[in-house]
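So the structure is just underneath, and the comments pick up after that.
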Amino acid sequence: MKLFTKDFTFDFTRKTYIMGILNVTPDSFSDGGLFLDRENAVQQALRMQSEGADIIDIGGESTRPGAEKVSVKDEIKRVVPVIKA
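As structure tokens, then:
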């Protein structure tokens, strides 16, 4: 199986890829909202990359039990600044 992006092809038949999870939510159960600040989030993403992450999943909505739904607009406001940085 292959996944094509604009600049890269992930070939899952040739390699196991490592994904880092970066939560930019105030109610994250795994990191307690440590990465709400864009600069902190970017530094964490770079740290994950230096530690071997091939993919960074930037999450803008918590999946913890009981978490409130976030509008698409709010989720975009959370993740896009980090992606652009």
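For the sequence shown, the numbering used here assigns the number 2 to the initial residue and increments by one for each residue that follows.
Cβ atoms here follow ideal geometry from the backbone N, Cα and C, with glycine treated the same way.
Boundaries for residue 75: no beta strand (DSSP E) harbours it, while the alpha helix (DSSP H) harbouring it runs 73-85, taken from the DSSP string. Measuring C-alpha to C-alpha distances from residue 79 to each of 12, 8, 26 identifies 26 as the nearest. In the DSSP annotation of this structure, the continuous segment of the alpha helix (DSSP H) that includes residue 47 starts and ends at 39-51. Judged by DSSP in its simplified three-state form, residue 2 adopts coil rather than helix or strand. By the Cβ criterion, the stretch 43-53 is not in contact with the stretch 65-75, since fewer than three pairs of Cβ atoms, one from each stretch, lie closer than 8 Å.
With contacts defined by Cβ atoms closer than 7 Å, residue 63 and residue 29 form a contacting pair. 20 is the residue among 20, 66, 9 whose C-alpha sits nearest the C-alpha of residue 54. In this structure residue 41 is exposed. Its beta-carbon is surrounded by fewer than 16 other beta-carbon atoms within 10 angstroms.
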